[in-house]
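Chains as they are written, first to last, in our numbering: chain D, 8 to 591; chain F, 685 to 885.
The beta-carbon is built from N, C-alpha and C at its ideal position, and this holds for glycine as well.
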């Protein structure tokens, strides 16, 4: 036994490893990604990136049938994709333990929406555990497998950004080997045609009753009686905020939040004068406690975004501490495409072409910001192709070309079916696959088009062009997006075609390139301050004296994209950046 | 009181995605853990790492509950960039300590001309006890501009109750093997700059 500083994600991976997990699958998604990255490095675990969360869920479910303790991990929106198997696996139950880890992102640090996954547990009727720090994350991951097997149900382990990406001390243990029985055919349990499903539906309620008993006995649900003037019912990281903000208040920390431990809750409510619920996002606990007829007091905490100790203290009338000066009018600092990002040239061209750019989920969403302003929509994984096809069909874009833009990994996740649909239905939109050979935004994970697996093994190098051709796309071209003129030419040819066409822009993510050519600098004499290079939106280029361009040599990676847009030959190669003492 | 639990020290590290705030905060958290204290660290990965504003919080003491703090809750603010120092200054306690890299990285709205480059930040931050470090220059002196985060870590370490041996030990294990020497040199230069500079403790 030893104490280690682990993130929530590392702790979940460790707990699962200790439980003897044999198979793990996921699609990368912030803040859940590191769970699988950690499991992949652990002895005795087969971990894989699935093409999407639905497939990942099904891989884990199948492995569970085969007697292997299995884990599937995803971010909150991934569960929308995996919801289909989730709801029915609740009926079939499991073979060996099956744990579903879902990480929510309150405050949308890195997400397109803010969902509260707790609703899914109640909706799909599966037990749910909610850790409040890394130590509990490890312990609950371990316990979740045992719970899953005792109840014959998948168990949901719900995290949030502050848990997944927070670090705290964990006492870890050794791995237990516990392979379950080999697969045996049990059609009435696993073939969910109506006759069987109706029986399993009734059985599910019986299993839920057992789960409610487990919840009453759960060691993770703890009542801490301090001053009984205020009693707070809470769960997850919100518990830590409550302890910080209201150190004297009594607390009931719920570890298992579906089904709820009704008796424990009633007992706690009876022992305190004011009963308050503190929870992040939806009023999940509040509405259920009100339905139990308990006098929950509304202290006015927001259901939008993250909580903090200060927000809770304020709700209880505590004056905020004094602070230093607050600066107003500071320029915001949104994230941006990196210096040398190969996507930049593609968006520069599409912007010039006045295309309607139907975007997708990935780094390239950052092209929506000025000065590129090159994105019209961003909704969910793979949405670009279907939405572009629909917009094109509507005729609403007029003469403007309609272009769907998505990355290689997003294309594998859910672009293929959309592309097949557009071809089948005789569409004419253009699809750009930004093939930077990696899943970049989540921190560089492999995917079916990179030729490597999560375990570092060589995989079949699936060719995007061949895939598109097989799906019936007549017109597929490949360009290097760092070469601006050929890229624009290929895009213009594609949008002119009367059928669905695909342009694959292929260049590796700049962050994966270790050695860069020497940076460029601006020849002040030659620069006319026209601003063409500045409009590329490169973080290394700004306007200096007399509005002339300046290149920050510490950021420039020598990609040459700006050199190609400068009509005056004013951008010239220079020496290594430390010649400038780290300054431009 | 939020952020005011007795015996808990809160260090906030702010900067621009890609500057290495996450590595620096990880080293600090591990140093605190190696010293036998309870530690919590909060960081954000993902989209904001692409040149956006980033903040991490490290809290240590006998028992730490919340991984995050509110305005007025940080004992130390270590800013890797001037605009970010200003953006997060109100998180620093009025008697808290500021270490700031005296370098300005223009955010996108400045690059495009939508906003003017802010002026006067350095003057506004130069209150008693504030420490300004030219981290990139010292990093280039030590090894490469990429170790600027470790220069700032060195400067920050002077104000924290941990032994230099533990810092050097944790740092050596946390950075890639071939960069250990350069990073230790960067750490030392940061420490010296703080010790001989305006570093009133």
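Taking one beta carbon from each stretch, the segment 409-418 of chain D and the segment 454-463 of chain D have 3 or more pairs nearer than 8 Å; the two touch. One thing to note: residue 841(F) has its Cβ no nearer than 8 Å to the Cβ of residue 867(F). Residue 259(D) is outside the set of residues whose beta carbon lies under 8 Å from a beta carbon in chain F.
Following the DSSP letters along the chain, one finds residue 778(F) in no alpha helix (DSSP H) but inside the beta strand (DSSP E) bounded by residues 776-785. Residue 440(D) and residue 511(D) have their C-alpha atoms spaced approximately 5 Å apart. Under the rule that a run must span 3 or more residues, the beta strand (DSSP E) segments found entirely inside the segment 407-477 of chain D read 409-414 and 437-442.
Straight through space, the alpha carbons of residue 360(D) and residue 379(D) are spaced by roughly 12 Å. Listed along chain F, the residues sitting closer than 7 Å to residue 548(D) by beta-carbon distance are 795. Against chain D, the CB of residue 750(F) has a partner CB under 8 Å away; the residue lies at that interface. For residue 504(D), same chain residues with a beta-carbon under 6 Å away, outside a window of 5 residues either side, are 482 in chain order. For the set 141(D), 73(D) and 175(D), the Cα lying nearest the Cα of residue 744(F) is the one of 175(D).
Contact annotation, residue 148(D) with residue 106(D): C-beta distance approximately 7 Å; criterion of less than 8 Å satisfied. The straight-line gap separating the alpha-carbon atoms of residue 805(F) and residue 249(D) is approximately 35 Å. Comparing C-alpha distances from residue 515(D) to each of 161(D), 323(D) and 347(D) shows the shortest one belongs to 347(D).
Shown here for residue 49(D): same chain residues with a beta carbon closer than 6 Å to its own, the five before and five after excluded, namely 24 in chain order. Taking residue 155(D) as reference, the option from 134(D), 351(D), 235(D) and 168(D) with the minimal CA-CA separation is 134(D). Taking 8 Å as the threshold, the shortest C-beta distance from residue 745(F) to chain D does not fall below it.
If you draw a straight line from the Cα of residue 140(D) to the Cα of residue 445(D), it is about 31 Å long. For residue 29(D), there are no neighbours in chain F by C-beta distance under 7 Å, as the nearest C-beta there is about 28 Å away.
Within the segment 344-367 of chain D, 344 and 345 place their CB atoms closer than 8 Å to a CB of chain F, listed in sequence order. If one requires a minimum length of 3 residues, the beta strand (DSSP E) runs lying completely within the segment 476-522 of chain D are 482-486 and 508-513, in chain order. Of all residues in the segment 238-252 of chain D, only 244, 246, 247, 248, 249, 250, 251 and 252 come within less than 9 Å of chain F when Cβ atoms are compared, listed by chain position. Taken through DSSP and simplified to helix, strand or coil, residue 353(D) comes out as helix. One finds nothing in chain D with a Cβ atom closer than 9 Å to the Cβ of residue 759(F); even the nearest lies about 12 Å away. At least 8 Å separates the beta-carbon of residue 233(D) from that of residue 51(D). Straight-line measurement puts the Cα of residue 437(D) at about 16 Å from the Cα of residue 355(D). Sequence-distant Cβ neighbours of residue 312(D) in its own chain, meaning closer than 7 Å and more than five residues away, are 113 and 114. If you ignore the 5 residues before and after residue 531(D), its C-beta comes within less than 7 Å of the C-beta of 555, all in its own chain and listed in chain order. By DSSP's assignment, residue 53(D) forms a beta bridge with 30(D). Looking only at 716(F), 780(F) and 698(F), the smallest Cα-Cα distance to residue 12(D) is reached by 716(F). With a threshold of 8 Å between beta carbons, residue 722(F) makes contact with chain D.
By the C-beta criterion, the segment 694-708 of chain F is judged not to be in contact with the segment 569-578 of chain D, since fewer than 3 inter-stretch pairs fall below 8 Å.
For residue 200(D), there is no enclosing beta strand (DSSP E), as DSSP marks it with neither H nor E.
Within chain F, no residue has its CB atom less than 9 Å from the CB of residue 42(D), the nearest being about 13 Å off. The Cβ atoms of residue 751(F) and residue 169(D) sit closer than 8 Å to each other. Assignment of beta-bridge partners to residue 135(D) by DSSP yields 163(D) and 265(D).
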